[in-house]
Amino acid sequence: MSRDRADSVPAEPATGITPLAHEPWVDIADGAALANWSAEDEIRYNQQNRQSEKLRFFRQVFDFLKENEIAGDYHEYGCHRARTFRMALTEARRKNLNDMEFWAFDSFAGLPAPETETSVGKWTQGALATSEQEFLRLIGEHGIYTGQVRTVKGLYGNSLTSELKQQFASRGRKIALATIDCDLYESAIPVFDFIEPLLQAGSVLYIDDLFVGNRGNPGRGLARAFVEYRQRSRWRFVRHLDIGWWGRSYIASETETDLI
Numbered sequence: 000m001s002r003d004r005a006d007s008v009p010a011e012p013a014t015g016i017t018p019l020a021h022e023p024w025v026d027i028a029d030g031a032a033l034a035n036w037s038a039e040d041e042i043r044y045n046q047q048n049r050q051s052e053k054l055r056f057f058r059q060v061f062d063f064l065k066e067n068e069i070a071g072d073y074h075e076y077g078c079h080r081a082r083t084f085r086m087a088l089t090e091a092r093r094k095n096l097n098d099m100e101f102w103a104f105d106s107f108a109g110l111p112a113p114e115t116e117t118s119v120g121k122w123t124q125g126a127l128a129t130s131e132q133e134f135l136r137l138i139g140e141h142g143i144y145t146g147q148v149r150t151v152k153g154l155y156g157n158s159l160t161s162e163l164k165q166q167f168a169s170r171g172r173k174i175a176l177a178t179i180d181c182d183l184y185e186s187a188i189p190v191f192d193f194i195e196p197l198l199q200a201g202s203v204l205y206i207d208d209l210f211v212g213n214r215g216n217p218g219r220g221l222a223r224a225f226v227e228y229r230q231r232s233r234w235r236f237v238r239h240l241d242i243g244w245w246g247r248s249y250i251a252s253e254t255e256t257d258l259i
């Protein structure tokens, strides 16, 4: 890369990575830059990196949905702070998906008391709580498709009823994209059972915390719930996009494939 070309490449605002025209070719923060680095700086740094990866995913997946003409709704299971929900609204609007409904499923009171070990100390009862009122306020301020946003409040074992499932079926509503951000094994089980008849060929599942908790062990937590669901589901799930180090998306398919 020439000096002129390198100097003309802007810093990537989402990650703060600045290309250089000389060794080491990217700007690496040194001791002076990090001399006063605080816990607040760490949180800000982590969140900027993580949320940028998620936004990048939503841009890509809505492009996938539109190009493949996969009509349906957006479901989100676990809606703390409405960050990814707002990303979905924005990218749906960019693709003019005006018939899409946006469903937010959450206790709106934080996590239930964990029944299984997670290795994540902050995953305690009531953690990660955003009230329904606050969620709707954030959505209202965002100002996109507000009339098409629906909330379903309650713990999943109580709120994801057969009656609600039938309501979706009777209206012919299918899932285009589902974000599953339940954190806990016991929370994910009813979610996967609920969405099974609502999927269609091409539906995308974004498993947000696939490698979070349990030291990344896929035999425990949300990952275990997904592995077990795949074994009993009529759908085959094709590996699609990785999201950061923590998540992954899958495409529902009616046929076996080597693309896993």
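In numbering that gives the first Met the number 0, the protein residues as written are 0 to 259. Note that the Cβ used here is the ideal one computed from N, Cα and C, for glycine as well.
For this session: Give a yes or no on contact between the region 176–183 and the region 67–79, applying the rule of three or more CB pairs nearer than 8 Å.
Result: yes
Exercise. According to the neighbour-count rule (16 or more other Cβ atoms, all chains shown, within 10 Å of its Cβ), is R170 buried or exposed?
Worked result: Here residue 170 refers to the residue found at position 171 when the sequence shown is read from its first residue. Exposed is the call here.
Problem set entry | Proximal residues to E140 (C-beta, below 7 Å), its chain only, five neighbours per side dropped | Locating residue 140 in the sequence shown gives position 141, where the first residue counts as 1. Once the five neighbours on either side are set aside, E140 has no close Cβ partner at all.
For this session: May I ask you to list the residues that DSSP assigns as paired with K152?
Result: To locate residue 152, count along the sequence shown from 1; it is residue 153. Its beta-bridge partners are D105.
For this session: Quick one: grab the DSSP three-state call for P9.
Result: As a first step, residue 9 is located in the sequence shown; it is residue number 10 there, counting from the start. Residue placement at P9 is flagged as unreliable, the pLDDT there being 47, under the threshold of 50; the coordinate-derived value follows with that caveat. Note: P9 maps to coil in three-state DSSP.
For this session: Could you work out which residue in V25, F84, L221 and I194 is closest to R247 when comparing CA atoms only?
Result: In the sequence shown, the residue the question calls residue 247 occupies position 248. The shortest C-alpha separation from R247 is found at L221.
Problem set entry | Outcome for G33 when other beta-carbon atoms lying within 10 angstroms are tallied against a minimum of 16 | By one-based count along the sequence shown, residue 33 stands at place 34. Just to set this straight, residue 33 is Leu in the shown sequence, not Gly. That one is exposed.
Problem set entry | Closest residue to G142 among R85, F56 and R238 (Cα-Cα distance) | In the sequence shown, the residue the question calls residue 142 occupies position 143. When only C-alpha atoms are compared, the closest one is R85.
Problem set entry | Span separating the alpha-carbon of S232 from that of G30 | In the sequence shown, residue 232 corresponds to position 233, counting from 1. In the sequence shown, residue 30 corresponds to position 31, counting from 1. Looking at the two C-alpha atoms, the distance is approximately 52 Å.
Exercise. Would the C-beta of A177 count as close to the ligand MG, meaning under 8 Å from any of its heavy atoms?
Worked result: In terms of ligand content, the structure shown is empty, and the ligand MG therefore cannot be addressed.
For this session: Count the other C-beta atoms from every protein chain shown that fall within 10 angstroms of the C-beta of E162, then say buried if there are 16 or more, exposed otherwise.
Result: For the purposes of this step, residue 162 is taken as the residue at position 163 of the sequence shown. The residue is exposed, with fewer than 16 neighbouring Cβ atoms inside 10 Å.
Problem set entry | Option in V203, G153 and Y184 with minimal Cα separation from K173 | What you label residue 173 is simply residue 174 of the sequence shown in a count that begins at 1. The shortest C-alpha separation from K173 is found at V203.
Problem set entry | Q124 versus L183, Y205, F101 and Q166, residue with shortest Cα-Cα distance | Against the sequence shown, residue 124 aligns to sequence position 125. Comparing Cα positions, the closest option is L183.
Exercise. Is the CB-CB distance between L154 and F193 below 9 Å?
Worked result: Looking up residue 154 in the sequence shown gives position 155. Looking up residue 193 in the sequence shown gives position 194. No.
Exercise. For T17, does the three-state DSSP call read helix, strand or coil?
Worked result: To locate residue 17, count along the sequence shown from 1; it is residue 18. Correct three-state label for T17: coil.
Exercise. Expressed to the nearest angstrom, what Euclidean distance is found between the alpha-carbon atoms of D62 and K94?
Worked result: By 1-based counting over the sequence shown, the position of residue 62 is 63. By 1-based counting over the sequence shown, the position of residue 94 is 95. Straight-line Cα distance between these residues: approximately 7 Å.
Problem set entry | Inter-residue spacing [alpha-carbon to alpha-carbon] between Y205 and F101 | Working through the sequence shown from its first residue, we reach residue 205 at position 206. Working through the sequence shown from its first residue, we reach residue 101 at position 102. Roughly 15 Å separates the two Cα atoms.
Exercise. What's the gap between the Cα of E19 and the Cα of F191?
Worked result: On the sequence shown, position 20 is the one that residue 19 refers to. On the sequence shown, position 192 is the one that residue 191 refers to. A small fix is needed here, since residue 19 is Leu in this sequence, not Glu. Those two C-alpha atoms are separated by around 46 Å.
Problem set entry | Distance between beta carbons of I242 and F56, contact taken as under 8 Å | Counting from one through the sequence shown, the residue named residue 56 turns up at place 57. Counting from one through the sequence shown, the residue named residue 242 turns up at place 243. Correct: roughly 5 Å between the Cβ atoms.
Exercise. When you compare each of L135, T129, L240 and T17 to L54 by their alpha carbons, which one comes out closest?
Worked result: Numbered from its first residue, the sequence shown carries residue 54 at position 55. If we check each option's Cα against that of L54, L240 comes out closest.
Exercise. When you compare each of V226, N35, A200 and R229 to A70 by their alpha carbons, which one comes out closest?
Worked result: Taking the sequence shown and counting its residues from 1, the one referred to as residue 70 is at position 71. Residue A200 is the option with its Cα nearest to A70.
For this session: Note the first and the last residue of the continuous beta strand (DSSP E) segment covering A200.
Result: By one-based count along the sequence shown, residue 200 stands at place 201. Element bounds for A200: n/a, residue is neither H nor E.
Problem set entry | Cβ-Cβ separation, A103 to R149 (assumed contact under 8 Å), whole Å | Along the sequence shown, read from residue 1 onward, the residue named residue 149 stands at position 150. Along the sequence shown, read from residue 1 onward, the residue named residue 103 stands at position 104. At roughly 7 Å, the Cβ-Cβ gap stays under 8 Å, so R149 and A103 are in contact.
Problem set entry | CB of A112 within 9 Å of CB of H79, strictly | Working through the sequence shown from its first residue, we reach residue 112 at position 113. Working through the sequence shown from its first residue, we reach residue 79 at position 80. Not in contact: A112 and H79 (Cβ atoms no closer than 9 Å).
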